[in-house]
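A short worksheet on the structure shown next.
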Amino acid sequence: ETPTADDAPALRHEITRVGVVGTGTMAGGIVEVFAKAGYDVVYVGRSQDKLDAVVTQITRNQDRAIEKGRSDAATKDAILGRLTGATEREALGDVDLVVEAIAEDLDVKTELYRDLDRITKPGAILATTTSSLPITQLGAATKRPEAVIGMHFFNPAPVMKLVEVVTTDQTSPEVDETVRALCASVGKVAVSCGDRSGFIVNALLFPYLNDAVLLAEAGEHQLVEIDAAIKAQVGLPMGPFELLDVVGTDVSLAIQKELHAEFGEPGLKPAATLESLVAQGRLGRKTGAGFHEYA
Ligand code: CAA
Numbered sequence: 033e034t035p036t037a038d039d040a041p042a043l044r045h046e047i048t049r050v051g052v053v054g055t056g057t058m059a060g061g062i063v064e065v066f067a068k069a070g071y072d073v074v075y076v077g078r079s080q081d082k083l084d085a086v087v088t089q090i091t092r093n094q095d096r097a098i099e100k101g102r103s104d105a106a107t108k109d110a111i112l113g114r115l116t117g118a119t120e121r122e123a124l125g126d127v128d129l130v131v132e133a134i135a136e137d138l139d140v141k142t143e144l145y146r147d148l149d150r151i152t153k154p155g156a157i158l159a160t161t162t163s164s165l166p167i168t169q170l171g172a173a174t175k176r177p178e179a180v181i182g183m184h185f186f187n188p189a190p191v192m193k194l195v196e197v198v199t200t201d202q203t204s205p206e207v208d209e210t211v212r213a214l215c216a217s218v219g220k221v222a223v224s225c226g227d228r229s230g231f232i233v234n235a236l237l238f239p240y241l242n243d244a245v246l247l248a249e250a251g252e253h254q255l256v257e258i259d260a261a262i263k264a265q266v267g268l269p270m271g272p273f274e275l276l277d278v279v280g281t282d283v284s285l286a287i288q289k290e291l292h293a294e295f296g297e298p299g300l301k302p303a304a305t306l307e308s309l310v311a312q313g314r315l316g317r318k319t320g321a322g323f324h325e326y327a
């Protein structure tokens with residue numbers, strides 16, 4: 033029998049409207065990525081202030097791009113015109129794909145996935161930006177585990193090229209293909225990963241970042257010296273403490289705890305300084321101070 037449009041796989045559809053849940057650093061950057069690439073974006077936050085902050089950030093980035101001759105007023109207006117902010121999740125009823133970028137907490141995310149499953153239209157893809165939580169468990173909170181997938185962006189999302197596309201045993205090949213094509217359409221490089229804590233990049237990056245904190249705790253080296261050494265010798269754009277501050281000490285601690293819980297190696301136990309900075313509210317650049325101070 034020849035398949036007709038009606039019985040074609042419901043999940044391999046064109047993506048025109050994208051939903052984003054969250055208004056933090058990652059969520060805001062992801063809203064920007066999709067709007068810049070021409071997608072209509074519905075983004076959901078907990079307050080009007082948080083929604084406004086996303087627009088302010090995108091406006092600022094566009095203004096800087098205009099100053100540098102990389103954008104113009106019409107492009108900026110078009111990008112901002114594609115944004116619809118909402119404080120109610122119900123606004124996600126007609127999006128083709130949702131990217132979730134909320135707190136790195138399994139209970140909070142699980143509750144959201146149950147809700148997204150109810151609210152979004154059949155066939156809509158539910159993508160998570162989790163760095164280290166089990167995506168299989170998020171899928172299990174829905175009646176559409178085949179449409180649940182990881183899209184792990186890196187910070188700052190508008191600049192970093194990589195997206196780790198994480199499939200579970202349940203994710204359908206159509207959803208995987210659609211999401212990898214979507215990444216390409218927004219200028220990102222998709223790398224396929226399995227659902228294992230830390231995926232590829234964080235599984236390798238965070239043991240190093242934690243070791244850097246332990247090295248500093250040992251007391252013989254200054255933070256700025258360790259940062260400088262890594263930048264000059266290893267060729268990374270940032271030293272470990274600069275990077276921890278960009279990622280956020282809170283996000284870094286959550287990732288480190290997940291890696292430690294999953295693999296149990298003593299070296300993965302979060303360094304004490306990371307715990308104490310988070311307890312002091314020194315969450316990195318976003319709060320004006322972390323390992324370093326920012327004006
Ligand atoms: N949003 C949008 N654009 C930004 C930006 C932001 N937050 N930060 C920088 N940019 C843009 C700038 O506008 C500039 O654009 P143009 O080239 O068009 O002018 C470009 O990026 C370069 O920025 P700068 O010249 O200001 O600064 P830089 O050259 O020092 O680059 C950086 C800044 C891109 C952040 C660079 O330092 C870098 O690559 N750092 C490493 C970041 C990294 O490794 N991130 C991954 C962390 S791990 C993670 O995220 C995983 C996880 O799960 C937590």
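Under my numbering, the first residue of the sequence shown is numbered 33, with each subsequent residue one higher.
For glycine and all other residues, C-beta sits at the position ideal for the given N, C-alpha and C.
Residue environment analysis places Val279 among the buried positions, since at least 16 neighbouring C-beta atoms fall within 10 angstroms of its C-beta. In this structure, DSSP gives Val218 a state outside helix and strand, which the three-state scheme calls coil.
Taking C-beta separations shorter than 8 Å and ignoring five residues to either side along the sequence, the partners of Gln169 in its chain run Leu138 and Thr142, following chain order. Each residue's CA atom was taken as its position, placing Thr200 and Glu99 some 43 Å apart.
The residues Ala321 and Gly322, in chain order, have a CB closer than 6 Å to that of Arg314 in the same chain once the five nearest residues on each side in sequence are set aside.
Sorting Ala106, Val52 and Val87 by C-alpha distance to the C-alpha of Asp128 places Val52 at the top. Per DSSP, Leu165 lies in no beta strand (DSSP E) and is assigned neither H nor E. Tyr75: member of the beta strand (DSSP E) spanning Asp72 to Val76, first to last residue. Between the stretch 179-192 and the stretch 147-160 there are three or more C-beta pairs closer than 8 Å, enough to call the two in contact.
A distance criterion of 7 Å places the beta-carbon of Phe323 beyond contact range of the ligand CAA, judged by its closest non-hydrogen atom. Contact between Gly77 and Thr57 is absent: CB atoms are separated by about 13 Å, not below the 8 Å threshold. A distance criterion of 7 Å places the beta-carbon of Val86 beyond contact range of the ligand CAA, judged by its closest non-hydrogen atom. Less than 8 Å divides the Cβ of Thr281 from the Cβ of Val310.
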